[in-house]
Amino acid sequence: MTKKLFAVLALMLLASSMSFAQGTAAAPAGGGSWALPVSAAFAMAIASGLCGLAQGKAIASAVEGMARNPGAAKAIQLAMLIGLAFIESLALYTLLIVFLKVG
């Protein structure tokens, strides 16, 4: 099963480079392209949603860890805050990419 999965992933990787190698078509003369802003909005929505889920799980796990071992609350809290900063950076990087691509 694992060999088949890796074979399919390798095939997809090889096929993607060939399919994206073609040049881009010019934007329509009438109004411009709407695909980039829409895809950027979907990317930001997905990144924000996943960040919210990850932050909720991180906080829930930290509170559970503090409840089980109150002596380690300070260390757990510090690790949780660092983890939350890394999780939030995903949404900020996505927002930066959206502004660079769309704007």
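Per the working numbering, residue 5 is the first one in the sequence shown, and the count goes up by one each step. Backbone N, C-alpha and C fix where the C-beta goes; we use that ideal spot for every residue, glycine too.
Alpha carbon of residue i to alpha carbon of residue j, nearest angstrom
i	j	result
Lys3	Ala95	Shown here, the chain extends from 5 to 107; a query on residue 3 therefore has no answer.
Val67	Glu92	19 Å
Phe103	Val42	13 Å
Ala49	Lys78	33 Å
Leu40	Ser52	18 Å
Lys61	Leu54	11 Å
Ser65	Leu57	12 Å
Contact check, residue i vs residue j, beta carbons under 8 Å
i	j	result
Ile80	Gly69	yes
Met84	Ile101	no
Ala47	Thr98	yes
For residue i, the three-state DSSP class (helix, strand or coil)
i	result
Ser43	helix
Ser37	coil
Trp56	Checking the sequence shown, residue 56 turns out to be Gly, not Trp. It is helical.
Gly107	coil
Met5	coil
Counted within 10 angstroms of its Cβ, other Cβ atoms place residue i as buried (16 or more) or exposed
i	result
Ala45	exposed
Legend entry - Validate contact between the region 7–15 and the region 62–82 using beta carbons, cut 8 Å, 3 pairs: no
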